[in-house]
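Since the structure comes first, as structure tokens, the remarks are kept for the end.
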Amino acid sequence: MASTKGNAGRGKVGAHVTVAGGLINGVKRAQEIQAECIQIFVGAPQRWAQAKFTDEEVEEFKQAVGQHDLNPVLVHGPYLVNLASERADVRAISRRALVSQLTWAEKLGAVGVIIHVGSGGEDAFELAEAGLNEVLSKYEGPARLLLENDAGAGRRIGKQFSEIGRLIKAAGHDERLAVCFDTCHALVSGYEVRTEDGLRAAMMEFDAEVGLDRLLVIHANDSKGAIGSNKDRHENIGQGEIGEAGFKNILANPAIRGLPLLLETPGYDKEGPDLRNIQDLIRIAGDA
Numbered sequence: 070m071a072s073t074k075g076n077a078g079r080g081k082v083g084a085h086v087t088v089a090g091g092l093i094n095g096v097k098r099a100q101e102i103q104a105e106c107i108q109i110f111v112g113a114p115q116r117w118a119q120a121k122f123t124d125e126e127v128e129e130f131k132q133a134v135g136q137h138d139l140n141p142v143l144v145h146g147p148y149l150v151n152l153a154s155e156r157a158d159v160r161a162i163s164r165r166a167l168v169s170q171l172t173w174a175e176k177l178g179a180v181g182v183i184i185h186v187g188s189g190g191e192d193a194f195e196l197a198e199a200g201l202n203e204v205l206s207k208y209e210g211p212a213r214l215l216l217e218n219d220a221g222a223g224r225r226i227g228k229q230f231s232e233i234g235r236l237i238k239a240a241g242h243d244e245r246l247a248v249c250f251d252t253c254h255a256l257v258s259g260y261e262v263r264t265e266d267g268l269r270a271a272m273m274e275f276d277a278e279v280g281l282d283r284l285l286v287i288h289a290n291d292s293k294g295a296i297g298s299n300k301d302r303h304e305n306i307g308q309g310e311i312g313e314a315g316f317k318n319i320l321a322n323p324a325i326r327g328l329p330l331l332l333e334t335p336g337y338d339k340e341g342p343d344l345r346n347i348q349d350l351i352r353i354a355g356d357a
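Take any residue in the sequence shown, count from 1 to its spot, add 69: that is its number in our numbering.
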């Protein structure tokens, strides 16, 4: 992954930005909040509608990303994706959607697509494994599929690193499978990421179950929910259960330091990641 380092060797600090009204608007928003890398949706996250960008829009976006040094670019998959659903129609459209998303990621020069695997019944893992295998067989390009660790409510897959490792193993350790580590989800699923010993143990488990070489990007989010609560509610940096001290510990960890950091915080104006969150995380990273 090229151009992931920020100043002083820290990872680039970026954010999820909207591309409503056109891809180029994502670059403009990134500039407004001084983001150093970006995550976007290609298509509405709550609908199955296919993305529709012209070749001219794609080229304009790629040139602007390069001009403003906003790589790496990540695509976040639709929230509706559920590879483990008990409904065959949902599984089928989820697989088709991911093939399309990976294709768009490749066109846009993005590293890949970040997804939540989903949830289901007793055969959820088997269905998810089959779904991943189908997606990876139908999409033959280089874009990565990044499995995100989950907050773990209900029967959602990905709460434990061993669950992610199982999926990767079932896919024959396909090199295109990677991981996005969400700090909020890790805490509320039971990992004590706020202390040096707790985070070290978590990263050792991650390495054993998944492999640190597959860890490509961090979703840097504080948490409204307490440790082990399984509540997926993000908070602004330093204002939640992780806090500034917790983030300083996270960003100092050798397995994480240097990786790109993407904010998905609510923002102080409730409109998503903002300049204050970016600046706070950069400051904390500088102190780590």
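From the three backbone atoms N, C-alpha and C, an ideal C-beta is built for every residue, glycine too. Remember, it's a predicted structure, so these values are computed and weren't measured experimentally.
At the C-beta level, PRO342 and ILE102 come within 8 Å of one another. For HIS145, the uninterrupted beta strand (DSSP E) segment begins and ends at 142–145.
The C-alpha of ALA104 lies about 10 Å from the C-alpha of HIS137. With contacts defined as CB atoms closer than 8 Å, SER258 and ALA289 fail to qualify as a contacting pair.
GLU265 sits exposed, since fewer than 16 C-beta atoms from the chains shown fall within 10 Å of its C-beta. Exposed is the label assigned to THR123, since fewer than 16 other Cβ atoms lie within 10 Å of its Cβ.
The C-beta distance from ARG160 to PHE194 rounds to 13 Å, too long to meet the 8 Å contact threshold. In the DSSP annotation of this structure, the continuous segment of the beta strand (DSSP E) that includes PHE250 starts and ends at 246–251.
ILE319 sits in a helix when the DSSP states are folded into three classes. Runs of the beta strand (DSSP E) lying entirely within the region 177–225, each at least 3 residues long, are 181–184 and 213–217 in chain order. The beta carbon of GLN119 is closer than 7 Å to those of GLY112 and SER169 in its chain, skipping five residues each way along the sequence. Excluding five sequence positions before and after GLY307, the CB atoms of its chain that fall closer than 8 Å to its own CB belong to ASP291, GLU313, PHE316, ASP349 and ILE353, given in chain order.
By the C-beta density criterion, TYR208 is buried, having at least 16 other C-beta atoms within 10 angstroms. Put simply, of VAL88, ILE107 and LYS339 the residue whose alpha carbon is nearest the alpha carbon of ALA179 is ILE107.
Counting only residues of its own chain and dropping the five nearest sequence neighbours on each side, ALA247 has a CB closer than 6 Å to the CB of ARG213, LEU215, ARG283 and LEU285. Annotation for ALA239: the continuous alpha helix (DSSP H) segment containing it runs 230–239. Within the model, the alpha-carbon separation for ILE296 versus TYR260 is close to 7 Å. In the structure shown, GLU175 adopts helical secondary structure according to DSSP, grouped into three states. In this chain, the beta strand (DSSP E) harbouring VAL82 covers 82–85. In this structure, the straight-line span from the alpha carbon of ARG165 to that of ASP356 is close to 44 Å. Taking C-beta atoms under 8 Å as the contact rule, GLU333 and HIS303 qualify, at a distance of about 6 Å. Following the DSSP letters along the chain, one finds LEU328 in no beta strand (DSSP E), marked with neither H nor E. Between HIS185 and GLU217 the beta-carbon gap is near 6 Å, inside 8 Å, which marks them as a contact. Looking from the CA of GLY189, the closest CA among LYS97, GLU310 and ALA222 belongs to ALA222.
Boundaries around LEU284 are those of the beta strand (DSSP E), 284–289, since no alpha helix (DSSP H) includes it. DSSP places LYS74 in the strand class (E or B) of the three-state scheme. The beta-carbon distance between GLU310 and GLY336, rounded to whole angstroms, is 18 Å. This is too long to meet the 8 Å contact definition. Nearest C-alpha to PHE110 among ASN202, ILE287, GLY200 and LEU171: LEU171.
Taking 8 Å as the cut-off, the Cβ atoms of LEU139 and ALA99 count as close.
Nearest Cα to LEU256 within the set ASN299, ARG224, LEU167 and ALA277: ASN299. Beta-bridge pairing by DSSP links GLN119 to no other residue.
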